[in-house]
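*Asks:* Add 4 to the 1-based position in the sequence shown for our numbering, that's all there is to it. I have a structure I would like to understand better, so I am pasting it below and will then ask my questions one at a time.
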Amino acid sequence: MNLGESVRTGFVEIWSHKTRSFLSFSSIAFGVAAILYTFANINYMYERRTKAFEISGPGRMDIQKKQVPGTVTAAALSKGLTTSDAEAIVEAMPWLYMVSPIMRTWADLKDGTFSESVQVEGVTPEWRRRGWVYQMRGRFFDDYDVETAARVAIALEPGGWAGKKPFWARWWKDEGFDLHVKRADLLGKTVTLGDGVYTIVGILKNPPKDKDPRWFFRSGGNILVPLTTAQRYLAGSSETKAYDAVDEIIVDTGNIDTVPRARRRIEALLSGRHRGVTDYEVSDFRETVQNMLENMRKYAVAVLAVGIVAILAGGVGIMNVTLATIFSRIREIGVRRALGATRADILAQFLTEAGLLGILGGIAGIAMGLTGIKYLTDDGPETIAALLWWHFPATLAISAGTALLFALYPAYQASRLDPVEALRYE
Numbered sequence: 005m006n007l008g009e010s011v012r013t014g015f016v017e018i019w020s021h022k023t024r025s026f027l028s029f030s031s032i033a034f035g036v037a038a039i040l041y042t043f044a045n046i047n048y049m050y051e052r053r054t055k056a057f058e059i060s061g062p063g064r065m066d067i068q069k070k071q072v073p074g075t076v077t078a079a080a081l082s083k084g085l086t087t088s089d090a091e092a093i094v095e096a097m098p099w100l101y102m103v104s105p106i107m108r109t110w111a112d113l114k115d116g117t118f119s120e121s122v123q124v125e126g127v128t129p130e131w132r133r134r135g136w137v138y139q140m141r142g143r144f145f146d147d148y149d150v151e152t153a154a155r156v157a158i159a160l161e162p163g164g165w166a167g168k169k170p171f172w173a174r175w176w177k178d179e180g181f182d183l184h185v186k187r188a189d190l191l192g193k194t195v196t197l198g199d200g201v202y203t204i205v206g207i208l209k210n211p212p213k214d215k216d217p218r219w220f221f222r223s224g225g226n227i228l229v230p231l232t233t234a235q236r237y238l239a240g241s242s243e244t245k246a247y248d249a250v251d252e253i254i255v256d257t258g259n260i261d262t263v264p265r266a267r268r269r270i271e272a273l274l275s276g277r278h279r280g281v282t283d284y285e286v287s288d289f290r291e292t293v294q295n296m297l298e299n300m301r302k303y304a305v306a307v308l309a310v311g312i313v314a315i316l317a318g319g320v321g322i323m324n325v326t327l328a329t330i331f332s333r334i335r336e337i338g339v340r341r342a343l344g345a346t347r348a349d350i351l352a353q354f355l356t357e358a359g360l361l362g363i364l365g366g367i368a369g370i371a372m373g374l375t376g377i378k379y380l381t382d383d384g385p386e387t388i389a390a391l392l393w394w395h396f397p398a399t400l401a402i403s404a405g406t407a408l409l410f411a412l413y414p415a416y417q418a419s420r421l422d423p424v425e426a427l428r429y430e
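Written out as structure tokens, the structure is:
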């Protein structure tokens, strides 16, 4: 029997036992869907990581303030992280692409009848050199705003959706300040922030949620003000030890190769300025990304494990189906052997039927996987686009290979049946 005849006979046998065949390849289909889902998400995860690096800067480092177990000695020795530290870094390494100090606080914002506590970030013009993905109306801060601690502010407007809103996002609605900044045109208006009156000189609109290239470093602020303004008017005495205290200094060397050298110099510089008190932490942005990727990788491995278990369960099902098929066709095997079929022909016939079940399960699994990616992930079309061409034949090969592997023993047993005994079987 040639391959074409084996395939035709295999399809006839599968169609003759539709329920049994469906149950056999359904587990494989679920497993293939899980594997394809994992392939797509891992690839998309790395694509977004690349975009995040491009936006954040190739040589980014974060210097965060850190609480030291309270001792009077530590407080006396170091004022904590300050604007002066940022200025010292610029003076020591003028070749750095960006040094951006940031101070974060909360303040009550009032605009007419609207009132809400919002997160405020005090920044300098350097802030816009990295991570800039906004559409801007109005203007950004300039050096004069920072020097004079001007009472001006920029409001951040949340982005919408570029494509169709995912089903889970129907319960995610803008509210509070996010809703207010969308409905009220704040540009040029005066609002009350804390105890002072500020003019909104700019509106920064975030990119659509499903197109936002920032992955690991989205800003949590609602309002931006000049750094000196935040330090002078909005930072309560309980929040800072020094009038020029900051929460973070973002540094970008401009080149990934210069990060280790710059990090060593910054750590040495801050150690001297803080008199040995480690009330700060210097982290390479790549380390932060890698840690987050590691967590996502664990999730992907878990999904992959579920897929493998499902495929193995499907393989066991195909083994049982093959055994049942053999027992129901023992007499047929005897007739075929009597008519000249070899053991290899019998082996090939049952392996072909099992392989067809595996391929059908793989095709169904690919369809299920693409559907799941489209409707269950944040960025369905983009995630599907991240799939490489070889992912599809690879998943088909896994499903077909699993089916063949588990059907090998039953098919071998069928090929070893004695023709005479098989013809006598009732």
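Glycine included, every Cβ here is placed at the ideal spot set by N, Cα and C. All values reported here derive from a predicted model rather than from experimental measurement.
#1: Nearest-angstrom Cα distance between V310 and R301?
#2: Per the DSSP calculation, R141 is bridged to which residue(s)?
#3: How would you write the range of the beta strand (DSSP E) that K69 sits in, first residue to last?
#4: For the alpha helix (DSSP H) that contains L228, what are its first and last residues?
#5: Three Cβ pairs or more, each shorter than 8 Å: is that satisfied between the region 228–235 and the region 112–126?
#6: Should the region 22–31 be called in touch with the region 319–332, which here means at least 3 C-beta pairs below 8 Å?
#7: Should G8 be labelled buried (16 or more other beta-carbon atoms within 10 Å of its own) or exposed?
#8: Report the residue from A418, G366, I363 and Q294 whose alpha carbon sits nearest the alpha carbon of P335.
#9: Leaving out five residues on either side along the sequence, give the residues of the same chain with a beta carbon under 7 Å from the beta carbon of T86.
#10: Would you kindly check if the distance between the Cβ of K114 and the Cβ of V195 is under 8 Å?
#11: Any idea which residues DSSP pairs D256 with across the strands?
#12: For S403, collect the residues of the same chain with a Cβ closer than 6 Å to its Cβ; drop the 5 residues on either side in sequence, then sort them by chain order.
#13: Where does S25 sit, in a helix, a strand or coil, going by DSSP?
#14: Using the C-alpha atoms, what's the distance from E51 back to S241?
#15: By the three-class DSSP mapping on this structure, what secondary structure does A404 have?
#16: Comparing C-alpha positions only, which one of R64, E17, A56 and G338 sits nearest to P264?
#17: In whole angstroms, what separates the C-alpha of I256 from that of G135?
#18: Classify S82 as helix, strand or coil using the three-state DSSP reduction.
#19: In this structure, does DSSP put V11 in helix, strand or coil?
#20: Quick one: give me the first and last residue of the alpha helix (DSSP H) that E91 is part of.
#21: State the Cα-Cα distance for the pair I39 and H184, rounded to the nearest angstrom.
#22: If V41 sits next to V307, beta carbons under 8 Å apart, how far is it from one beta carbon to the other, in whole angstroms?
#23: Can you give the Cα-Cα distance for Y237 and T54, rounded to whole angstroms?
*Replies:* Taking the definition as stated:
#1: Taking the sequence shown and counting its residues from 1, one reaches residue 310 at position 306. Taking the sequence shown and counting its residues from 1, one reaches residue 301 at position 297. Going from the Cα of V310 to the Cα of R301 covers about 14 Å.
#2: Taking the first residue of the sequence shown as position 1, residue 141 is located at position 137. R141 pairs with I207.
#3: Within the sequence shown, the letter at position 65 stands for residue 69. Looking at the DSSP string, the run of the beta strand (DSSP E) that includes K69 is R64 to K69.
#4: Here residue 228 refers to the residue found at position 224 of the sequence shown. It is not in any alpha helix (DSSP H) - L228 instead sits in the beta strand (DSSP E) that spans I227 to P230.
#5: yes
#6: yes
#7: Locating residue 8 in the sequence shown gives position 4, counting from the first residue. It is exposed - the Cβ of G8 has fewer than 16 other Cβ atoms within 10 Å.
#8: By one-based count along the sequence shown, residue 335 stands at place 331. The residue you asked about is not Pro; residue 335 is Arg in the sequence shown. Of A418, G366, I363 and Q294, the residue nearest in Cα terms is A418.
#9: Taking the first residue of the sequence shown as 1, we reach residue 86 at position 82. Within the same chain, T86 has close Cβ partners A246, D248, A249 and V250.
#10: Translated into positions along the sequence shown, residue 195 becomes position 191. Translated into positions along the sequence shown, residue 114 becomes position 110. Yes, the pair counts as a contact, with Cβ atoms nearer than the cut-off.
#11: Walking along the sequence shown from the start, residue 256 turns up at place 252. R64 and M102, per the DSSP bridge assignment.
#12: As a first step, residue 403 must be located in the sequence shown, where it is residue number 399. If you ignore the 5 residues before and after S403, its C-beta comes within less than 6 Å of the C-beta of I32, V36, G362, G365 and G366, all in its own chain and listed in chain order.
#13: By 1-based counting over the sequence shown, the position of residue 25 is 21. Correct three-state label for S25: helix.
#14: Here residue 241 refers to the residue found at position 237 when the sequence shown is read from its first residue. Here residue 51 refers to the residue found at position 47 when the sequence shown is read from its first residue. Because the pLDDT of S241 is 46, which lies under 50, any placement of that residue in the model is unreliable, and the number read from its coordinates should be weighed accordingly. Their Cα atoms are separated by approximately 44 Å.
#15: Counted from its first residue, the sequence shown places residue 404 at position 400. Reduced to three states, the DSSP call for A404 is helix.
#16: What you label residue 264 is simply residue 260 of the sequence shown in a count that begins at 1. Taking only the C-alpha atoms, the option nearest P264 is R64.
#17: One-based indexing of the sequence shown puts residue 256 at position 252. One-based indexing of the sequence shown puts residue 135 at position 131. Checking the sequence shown, residue 256 turns out to be Asp, not Ile. When rounded, the distance between both Cα atoms is 11 Å.
#18: By 1-based counting over the sequence shown, the position of residue 82 is 78. Here S82 sits in coil by DSSP.
#19: As a first step, residue 11 must be located in the sequence shown, where it is residue number 7. DSSP places V11 in helix when its eight states are reduced to three.
#20: The count along the sequence shown starts at 1 and reaches residue 91 at position 87. Where E91 is concerned, the enclosing alpha helix (DSSP H) stretches over T87 to A96.
#21: To locate residue 39, count along the sequence shown from 1; it is residue 35. To locate residue 184, count along the sequence shown from 1; it is residue 180. Taking C-alpha positions only, I39 is separated from H184 by approximately 43 Å.
#22: Locating residue 41 in the sequence shown gives position 37, where the first residue counts as 1. Locating residue 307 in the sequence shown gives position 303, where the first residue counts as 1. Correcting the residue type first, residue 41 is Tyr in the shown sequence and not Val. The pair is a contact, with the Cβ atoms about 6 Å apart (cut-off 8 Å).
#23: Against the sequence shown, residue 237 aligns to sequence position 233. Against the sequence shown, residue 54 aligns to sequence position 50. Roughly 39 Å between the two C-alpha positions.
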